[in-house]
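Throughout the sequence shown, residue numbering follows our numbering, covering 25 to 110 in sequence. To start, the structure itself, in structure tokens.
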Amino acid sequence: MDPVLTTLDAALQTLDDVAAALPVLRAQATTIAAETAWESAAVAQYHRRWQRWDDDIVALLAGVDDEREELRVARAGRVVALAGAQ
Numbered sequence: 025m026d027p028v029l030t031t032l033d034a035a036l037q038t039l040d041d042v043a044a045a046l047p048v049l050r051a052q053a054t055t056i057a058a059e060t061a062w063e064s065a066a067v068a069q070y071h072r073r074w075q076r077w078d079d080d081i082v083a084l085l086a087g088v089d090d091e092r093e094e095l096r097v098a099r100a101g102r103v104v105a106l107a108g109a110q
């Protein structure tokens, strides 16, 4: 057989193999992209929930600080009242 034809046949076979593999690879890449998109959406949702939780904790802490300050003022007033009563 002619060496040029042998080389051309080999090149054609290689391209046929590539053409057959590309749709499979594309389907796999599409599946991976879909799975990654779902995971990314789940992570984004987690971060949004965490941010709301963190905001709630900050608000709760501010409320606790306010209550602590009110109790300190009430205690100081009680100390003054008790000292004046003696």
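By construction, the Cβ of each residue, glycine as well, lies at the ideal position given by its N, Cα and C atoms.
| Asked | Found |
| --- | --- |
| On the three-state DSSP scale, how would you describe Asp80? | helix |
| Alpha carbon to alpha carbon, what distance is there between Thr31 and Met25? | 11 Å |
| In three-state DSSP terms, what is Gln52? | helix |
| Does DSSP classify Asp33 as helix, strand or coil? | helix |
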